Every structure is written in structure tokens, then in C-alpha cells.
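Quick note on numbering: the working numbering labels position 209 of the sequence shown as 369, and the sequence is numbered without any gaps. From the three backbone atoms N, C-alpha and C, an ideal C-beta is built for every residue, glycine too. Bear in mind the structure is a predicted one, so any value in this text is a computation, not a measurement. Data block below; observations after.
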Amino acid sequence: MNLISNSFNYTSQDHQEYEHIGYKIFNPFLSQEGLESCRHELDLMINEKLQPGRSPDEIISAHHQEPWAWELATHPKVLDMIEMQIGPNIVLWSSHLICKPPGSGMHIPWHQDAPYWNVSDGLAAGIWIAFDDVDATNGGMCILPHWHQRGVLPIAKRQSRLFNQEIEPSSLPKDIDQVKVQYHFQAGGMAIHNTMIPHTSEPNRSDRWRRVAVFRYVRADGEHGPKQYENYRTGEPFDRKFFLVRGEDIANRNLPRNPFINH
Ligand SMILES: O=C(O)CCC(=O)C(=O)O
């Protein structure tokens with residue numbers, strides 16, 4: 161099966177635009193059969209495998225367990241794009257399925273990714289894939305174009321389990337509603353955003369699902385900080401793992417290459 165649309169090709173012009181504006185949207189990205197297959201797998205995960213009581217917008221690093229997510233995150237066309245961003249030695253370190261059910265799902269405050277993670281900032285990259293049509297009403301994302309060039313913005317603490325910090329509101333533009341870009345996606349579309357670009361998303365206020373996957377990568381010689389996640393099926397904690405998905409283990413960390421093979 162062709163997971164990814166034949167029309168998707170990350171060119172050097174796309175890359176220049178991404179570096180300049182700080183984000184870039186590709187629509188379509190998944191092929192029709194790829195989209196259907198991913199949606200089928202997501203339905204199984206949400207309806208049959210998810211630990212009762214766990215929210216479907218907090219499924220973190222399920223690529224350790226779900227071959228379809230691994231296959232998508234490590235697809236050669238995806239890695240070709242990531243290689244243009246961070247070089248040839250690529251580590252996959254996180255996936256997040258942020259599936260906001262109709263009339264629910266979390267509010268994600270304005271934040272920059274890099275200061276939030278304990279992995280290298282300038283050396284990291286990510287990809288955001290929509291499995292449903294996504295817009296302002298069903299919890300779509302907003303970003304501030306060009307703001308990746310402004311360095312780390314002041315941070316305010318916030319009471320929340322998953323996002324316990326946000327950009328200090330006074331550091332955001334006064335005319336934010338005019339300058340922010342609201343993502344409008346058709347199901348199967350994909351976006352990349354610079355790890356320093358401020359972004360946010362609202363709860364899903366519509367009667368439609370908003371299912372999205374975010375995969376994150378870092379260079380093999382970048383900072384690989386520790387963190388614990390919870391198994392989405394059982395709630396059991398497990399350590400963040402760094403998989404070398406392309407290139408060489410240049411920092412000699414004995415990185416595993418695949419979660420489905422015993423190393
Ligand atoms: O998908 C969203 O709602 C927000 C995603 C996000 O914050 C991220 O990709 O860092």
C-alpha cells in the first residue's frame with residue numbers, strides 16, 4: 161500500500177519557505193488508501209485498546225506498540241524531508257496522537273516546543289498529520305508565522321497535567337487574532353512547524369472528531385533527555401526511547417533501531 165500520496169515531495173523550495181516562515185502545509189500528504197488505513201487503526205486504538213478513562217488526546221509514544229504508527233513515522237518520504245531539516249542521522253523520540261472527541265479535547269496554550277522539551281532545540285524536527293478535516297471549530301491549531309526567529313519567549317506557569325507552562329500572555333502580539341494563522345486542513349493533510357514557533361489549539365467545540373498525529377525527531381548527536389510516558393493501553397509508566405531510524409549512531413549511544421525487534 162502507498163501510505164503517502166504520490167504528489168507529496170518535499171523540495172528545496174518548500175524547505176526554504178519552511179525555514180523562512182517557520183511552518184509549511186502539505187495537502188494532500190496521505191494517499192486515500194493510507195488515510196483510510198490510518199483511520200481504521202485509530203478507531204481500533206480508541207474504541208478497543210485505549211485504557212478505560214484515558215483521554216484519546218493523550219496517547220503518547222504508541223509507535224513502540226503500533227506498527228502502523230511506526231511505519232508512518234519512519235516512511236522514507238518522511239525521513240527524506242526530516243533529513244533536509246536535521247541531517248542524515250535521524251532519531252525518532254516521540255509520537256503524540258492528539259485525538260479530540262466531538263465537544264471535548266484539551267486546550268493547548270500558546271507555547272514553543274523547543275523550550276518545553278529536554279531534547280535539542282535547533283536540532284529537532286516534527287511532523288503533524290491530520291486524519292480528519294481540521295479547522296477553527298474542531299480544535300485546529302494556530303501558529304504565529306515568522307515568530308520562530310524571536311528566541312525563547314518568557315514562560316508563565318500553568319495548572320495542567322500535560323501542559324504546565326505557556327508563553328507569558330504579555331509577550332504575545334496585541335493583535336494576535338489578526339496575525340495568527342489558523343490551520344485549515346483536509347483529512348490526510350500534513351504540516352511541519354519550527355520547534356521555536358509559538359502555537360496553540362482550542363478544545364473541539366464541534367460535533368466532529370479531530371484526530372492528529374505528531375511525530376518528533378532529533379539528530380543522533382543531539383541532547384536526548386529522559387522522560388516517562390504512560391502505556392496508553394495499561395497506564396504503566398515506561399521510559400522515553402530514542403530509535404535510530406536513519407543513518408549512523410554517531411554519538412555511540414547504542415541506539416536501538418526498531419521497537420519490534422529485540423536488540
Ligand atoms: O495538535 C495540537 O492541537 C497541538 C499540537 C502541538 O502543540 C504540537 O505539535 O506541539
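Exercise for the section: If I'm right that G348 touches L190 with Cβ under 8 angstroms, what's the distance once you round it to whole angstroms? Expected result: 4 angstroms
Exercise for the section: Measure from the alpha carbon of R318 to the alpha carbon of each residue in N391, V341, S254, P329, then state which is nearest. Expected result: P329
Problem - the stretch 326–342 in contact with the stretch 198–206 per 3-pair CB rule at 8 angstroms - result: no
Exercise for the section: Leaving out five residues on either side along the sequence, give the residues of the same chain with a beta carbon under 8 angstroms from the beta carbon of N166. Expected result: S191
Exercise for the section: State the Cα-Cα distance for the pair I246 and S280, rounded to the nearest angstrom. Expected result: 11 angstroms
Problem - Classification of S361 by the beta-carbon crowding that lies within 10 angstroms, buried from 16 upward - result: buried
Practice task
For L252, collect the residues of the same chain with a Cβ closer than 6 angstroms to its Cβ; drop the 5 residues on either side in sequence, then sort them by chain order.
Solution key: A233, Y377, F403, V405
Practice task
Compute every distance between the C-beta of H126 and the non-hydrogen atoms of ligand 1, then say whether any falls below 8 angstroms.
Solution key: The question about residue 126 has no answer, for the chain in this structure spans 161 to 423.
Practice task
Would you check if the distance between the CB atom of A351 and the CB atom of M301 is smaller than 9 angstroms?
Solution key: yes
Exercise for the section: Could you tell me if the beta carbon of V372 falls within a distance shorter than 8 angstroms of some heavy atom in ligand 1? Expected result: yes
Handout entry: Rounded separation between N278 and H384 - CA only
Key = 7 angstroms
Handout entry: Test item: CB-CB of Y343 and S221 under 9 angstroms
Key = no
Exercise for the section: State yes or no: is the C-beta of M301 nearer than 8 angstroms to some heavy atom of ligand 1? Expected result: yes
Handout entry: At least three beta-carbon pairs within less than 8 angstroms, the stretch 288–301 to the stretch 363–370
Key = yes
Handout entry: Per-residue burial, R379 [other beta carbons within 10 Å of its own, 16 or more giving buried]
Key = buried
Practice task
Report the rounded CA-to-CA distance for R368 versus I219, giving the unit in angstroms.
Solution key: 19 angstroms
Exercise for the section: Give me the Cβ distance between F323 and P358, rounded to the nearest whole Å; I'm assuming they're in contact under 8 angstroms. Expected result: About 13 angstroms separates the two Cβ atoms, so there is no contact after all.
Handout entry: Backbone secondary structure at H223 - three-state DSSP
Key = helix
Practice task
Just tell me which of I164, P333, L313, L283 has its CA closest to the CA of Q325.
Solution key: L313
Practice task
Given a cut-off of 9 angstroms, decide if G182 and H271 are closer than it, judged by their beta-carbon atoms.
Solution key: no
Exercise for the section: Quick one: residues in its chain with C-beta nearer than 6 angstroms to the C-beta of E193, no 5 flanking neighbours on either side, listed in chain order? Expected result: M161
Handout entry: beta-carbon R206 near ligand 1 non-hydrogen atom, thresh 8 angstroms
Key = Rather than Arg, the amino acid found at residue 206 in this sequence is Ile. Checking every heavy atom of ligand 1 against the Cβ of I206, none is found closer than 8 angstroms.
Problem - Residue of I185, D399, Y178 minimising C-alpha distance to Q346 - result: I185
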